[in-house]
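Student: Supplied in structure tokens, the structure appears directly below.
Residue numbers (the UniProt record's numbering): 1 to 600.
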């Protein structure tokens, strides 16, 4: 079985030939780096992911964490991997030098983390959550909170979680009941229950820092009354060291289809002992703050889905090249040698689909990471603002498109393997099980569709959408070869139809037909997502077509031809599927809206 997690040639193409990541080196924040340092840290990530994470991926899936005598038992390799990741500086990789970080671009850090998630999604979940929780404290915490928690989180001594979901409320955060009562010495007493908290209890770090949403007594109803609290497993002393046990207890471990290496927990706050929480920022502003971590997590989930799909693609590609079975349809001699199954057109169809989904999803997520870099470090203030608006608009797509199509890629990988793919003796069934979580957590696909059509499209008088179309126009005009021009025309025509549909949906919302308009939000998300990924493929095709003319080795020519053929697949096989979405949205189809519960 292959140990390739992500094709390094493809990653270099995405980073340097499509995104011009080297261009970031001119910015003050990154001017102590060069391409060699970027490549060195990527090489370290790839090597460590294969040696420290992939080595126990299957074992952690089979021997998931257990709750024994009040403690969570885990494979020792999980802690070894987490500690190695932290020691190498990856938790703090994007942070300032003064905080022990490497001041690496988000684009490079995303690429690095892709290797770890592809190698072992379960173990990679712990540092991923820790980084996001630490960033929340860095941005919104006070100086005392930063001093107490940030150094220990960035060093890997402490881990972090996000505690949002409650048993009765699910995704409806307006209905949370966890309460916070002010105490005399400045902290709050937290009381309530949370569920599906990844990393909520484990045996790999000295302390766990929970970022908890709760409502202060007397707060406004709904989301306007939500506040954010730091709730550590152990309270900390003045030096930030673990002290007395806090009133956070494990109510149970949840057993999942996949992602089994990451604990999923039910937690109770304040049941067995007083639970101290520390207010972050202003009261009743917690959801606004938490959206930073949620949006970070949504981009991370999309990236994870893309690279798990990619890992399955790498496995099935190798299998298809090695597995001998059958003969070409034109071969009539039953005694002729069998051929590798990659010689069969239908297997190539399945591999092309995986390539289109995985490399398209990777391109989309790296583009999102580049928007983060531009949002925070572009020297032009207007460009920083525009990058933030583009990222905000595209976040539902970055989260959802790879989350929907990564599992589809894994499903096709199983099919390429045939019966072997359905067995636990081969790795692709675990890829599918792990990836199936991604359309659900950090906001289901349905919620992302509502967010996109109900809110993101119209924000700031649709300025984000206008910026997006301007960006797309640059690449449409850059399509100069015959093949790329054909695809650019197809994308442009689809985009024009989508704009008309969007305008009609906007009028419907303005007229008060909210339920009817948003009933088919998932169709709009599919339409919008496919257009964006088609754009990602046009960007790759333009770069490949331009480079092909000067490619001087067979390997390079084959690489670029593969990019162009995958782009052709997406434009011929995938983009046309949005025709159904356009019809349903244009007609304001009410089939689902008007179905009655009693009719099922």
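Where is the CB? At the ideal position from N, CA and C, for every residue including glycine.
With a threshold of 16 other CB atoms inside 10 Å of the CB of residue 646, please say whether the residue is buried or exposed.
Tutor: This structure leaves residue 646 out entirely; the chain is present only between 1 and 600.
Student: Please give me, in chain order, every unbroken run of the alpha helix (DSSP H) with length at least 4 that falls completely inside the UniProt domain "Acetyl-CoA dehydrogenase-like C-terminal" (469-595).
Tutor: Fully enclosed alpha helix (DSSP H) runs of 4 or longer: 482-510, 514-518, 521-548, 554-569, 578-586.
Student: Should residue 585 and residue 520 be called a contact, given that it needs their Cβ atoms to be closer than 7 Å?
Tutor: If you number the chain shown from 1, residue 585 lands on position 585. If you number the chain shown from 1, residue 520 lands on position 520. It is a contact, given that the beta carbons lie within the stated cut-off.
Student: Just curious, the alpha helix (DSSP H) that residue 244 is in, first and last residue?
Tutor: Taking the chain shown and counting its residues from 1, one reaches residue 244 at position 244. Segment 242-245 is the beta strand (DSSP E) holding residue 244; no alpha helix (DSSP H) there.
Student: Can you give the Cα-Cα distance for residue 322 and residue 314, rounded to whole angstroms?
Tutor: In the chain shown, residue 322 corresponds to position 322, counting from 1. In the chain shown, residue 314 corresponds to position 314, counting from 1. So the alpha carbons of these two residues sit roughly 13 Å apart.
Student: At the level of alpha carbons, what is the spacing between residue 554 and residue 20?
Tutor: In the chain shown, residue 554 corresponds to position 554, counting from 1. In the chain shown, residue 20 corresponds to position 20, counting from 1. Rounded to the nearest angstrom, the two C-alpha atoms are 24 Å apart.
Student: Measuring only the C-alpha atoms, how far is residue 551 from residue 501?
Tutor: To locate residue 551, count along the chain shown from 1; it is residue 551. To locate residue 501, count along the chain shown from 1; it is residue 501. Between residue 551 and residue 501, the C-alpha separation is close to 42 Å.
Student: Give me, in chain order, the residues of the same chain whose beta-carbon lies closer than 6 Å to that of residue 66; leave out the 5 immediate sequence neighbours on both sides.
Tutor: If you number the chain shown from 1, residue 66 lands on position 66. For residue 66, where only same-chain residues beyond five positions count, the Cβ hits under 6 Å are 73.
Student: Give the straight-line distance between the Cα atoms of residue 568 and residue 3, rounded to the nearest whole angstrom.
Tutor: As a working note, residue 568 is residue 568 in the chain shown. As a working note, residue 3 is residue 3 in the chain shown. Taking the straight line from one Cα to the other gives about 28 Å.
Student: Which stretch, first to last residue, makes up the beta strand (DSSP E) that contains residue 154?
Tutor: Position 154 of the chain shown, counting from 1, holds the residue named residue 154. It is not in any beta strand (DSSP E) - residue 154 instead sits in the alpha helix (DSSP H) that spans 143-154.
Student: Of the choices 361, 457, 523, whose alpha-carbon is the least far from that of residue 445?
Tutor: Locating residue 445 in the chain shown gives position 445, counting from the first residue. Of the candidates 361, 457, 523, the one whose C-alpha sits nearest the C-alpha of residue 445 is 523.
Student: What do you get for residue 465, buried or exposed, if any count of 16 or more other CB atoms within 10 angstroms of its CB means buried?
Tutor: Within the chain shown, residue 465 is the residue found at index 465, counting from 1. By the 10 Å Cβ count, residue 465 comes out buried.
Student: How about residue 527 and residue 488: do their beta carbons lie closer than 7 Å?
Tutor: As a first step, residue 527 must be located in the chain shown, where it is residue number 527. As a first step, residue 488 must be located in the chain shown, where it is residue number 488. Taking 7 Å as the Cβ cut-off, residue 527 and residue 488 do not qualify as a contacting pair.
Student: Should residue 23 be labelled buried (16 or more other beta-carbon atoms within 10 Å of its own) or exposed?
Tutor: Reading the chain shown from its first residue, position 23 is the one you call residue 23. Residue 23 is exposed by the Cβ-count criterion.
Student: Considering only DSSP beta bridges, list what residue 207 is partnered with.
Tutor: Within the chain shown, numbered from 1, the residue matching residue 207 stands at position 207. 158, per the DSSP bridge assignment.
Student: Looking at the secondary structure, which residues open and close the beta strand (DSSP E) in which residue 66 lies?
Tutor: Position 66 of the chain shown, counting from 1, holds the residue named residue 66. Counting along the chain, the beta strand (DSSP E) containing residue 66 begins and ends at 66-68.
Student: Counting only the same chain and skipping the five closest in sequence on each side, list residues whose C-beta sits under 7 Å from that of residue 328.
Tutor: Walking along the chain shown from the start, residue 328 turns up at place 328. Only 339, 343 meet the Cβ criterion.
Student: Buried or exposed, going by whether 16 or more other CB atoms sit within 10 Å of the CB of residue 535?
Tutor: Translated into the one-based positions of the chain shown, residue 535 becomes position 535. Buried: at least 16 other Cβ atoms inside 10 Å.
Student: Taking 7 Å as the threshold (C-beta atoms), are residue 276 and residue 187 in contact?
Tutor: In the chain shown, the residue the question calls residue 187 occupies position 187. In the chain shown, the residue the question calls residue 276 occupies position 276. Cβ atoms of residue 187 and residue 276: closer than 7 Å.
Student: Could you tell me whether the Cβ atoms of residue 260 and residue 61 are closer together than 7 Å?
Tutor: Reading the chain shown from its first residue, position 260 is the one you call residue 260. Reading the chain shown from its first residue, position 61 is the one you call residue 61. Going by C-beta atoms, residue 260 is nearer than 7 Å to residue 61.
Student: For residue 577, does the count of other Cβ atoms within 10 angstroms reach 16, so buried, or fall short, so exposed?
Tutor: Start at 1 with the first residue of the chain shown, and residue 577 comes out as number 577. By the neighbour-count rule (16 or more Cβ atoms within 10 Å), residue 577 is not buried but exposed.
Student: Based on the DSSP secondary-structure assignment, which residues constitute the bridge partners of residue 163?
Tutor: As a first step, residue 163 must be located in the chain shown, where it is residue number 163. According to DSSP, residue 163 bridges with 212.
Student: Measure the alpha-carbon distance for residue 289 versus residue 229 and round it to whole angstroms.
Tutor: Within the chain shown, numbered from 1, the residue matching residue 289 stands at position 289. Within the chain shown, numbered from 1, the residue matching residue 229 stands at position 229. Cα to Cα, residue 289 sits roughly 10 Å from residue 229.
Student: Report the CB separation of residue 49 from residue 116 in whole angstroms; it is logged as a contact under 8 Å.
Tutor: Reading the chain shown from its first residue, position 49 is the one you call residue 49. Reading the chain shown from its first residue, position 116 is the one you call residue 116. 5 Å between Cβ atoms; contact.
Student: For the segment 17-81, list the alpha helix (DSSP H) runs that are entirely contained and at least 4 residues long, ordered along the chain.
Tutor: Segments of the alpha helix (DSSP H) lying fully in the segment 17-81: 35-48, 57-62.
Student: What ranges does the beta strand (DSSP E) occupy inside the segment 254-338, keeping only unbroken runs of at least 3 residues that lie completely in it?
Tutor: Segments of the beta strand (DSSP E) lying fully in the segment 254-338: 264-269, 276-279.
Student: Starting from residue 340, trace the beta strand (DSSP E) in both directions and tell me its first and last residue.
Tutor: The sequence position of residue 340 within the chain shown is 340, counting from 1. First-last for residue 340: undefined, no H or E at that position.
Student: Along the alpha helix (DSSP H) that carries residue 397, what are the first and last residues, could you check?
Tutor: Here residue 397 refers to the residue found at position 397 of the chain shown. First-last of the alpha helix (DSSP H) with residue 397: 381-417.
Student: For the pair the segment 378-393 and the segment 456-463, tell me if three or more CB-CB distances fall below 8 Å.
Tutor: In short, these stretches touch, since the Cβ pair count reaches three.
Student: Suppose you measure from the CA of residue 111 to the CA of residue 375; what does that come to, to the nearest Å?
Tutor: Position 111 of the chain shown, counted from the first residue, corresponds to residue 111. Position 375 of the chain shown, counted from the first residue, corresponds to residue 375. If I take the Cα positions, the gap works out to 18 Å.
Student: Please report the straight-line C-alpha distance between residue 164 and residue 400, rounded to a whole angstrom.
Tutor: Numbered from its first residue, the chain shown carries residue 164 at position 164. Numbered from its first residue, the chain shown carries residue 400 at position 400. Roughly 20 Å between the two C-alpha positions.
Student: Apart from the five residues on each side of it in sequence, which residues of its chain come closer than 8 Å, Cβ to Cβ, to residue 223?
Tutor: The count along the chain shown starts at 1 and reaches residue 223 at position 223. Taken in chain order, the residues that qualify are 173, 174, 287.
Student: One question on the structure: do residue 206 and residue 250 come within less than 7 Å of each other, judged by their Cβ atoms?
Tutor: On the chain shown, position 206 is the one that residue 206 refers to. On the chain shown, position 250 is the one that residue 250 refers to. Not closer than 7 Å, so no.
Student: Alpha helix (DSSP H) containing residue 129: first to last residue?
Tutor: By one-based count along the chain shown, residue 129 stands at place 129. Run containing residue 129: 121-140, per the alpha helix (DSSP H) assignment.
Student: Spell out the partners DSSP gives residue 180 in its beta bridges.
Tutor: Against the chain shown, residue 180 aligns to sequence position 180. Note: residue 180 sits in a beta bridge opposite 190, 216.
Student: Just the Cα atoms here: how many angstroms apart are residue 105 and residue 92?
Tutor: Along the chain shown, read from residue 1 onward, the residue named residue 105 stands at position 105. Along the chain shown, read from residue 1 onward, the residue named residue 92 stands at position 92. Cα-Cα distance, rounded: 12 Å.
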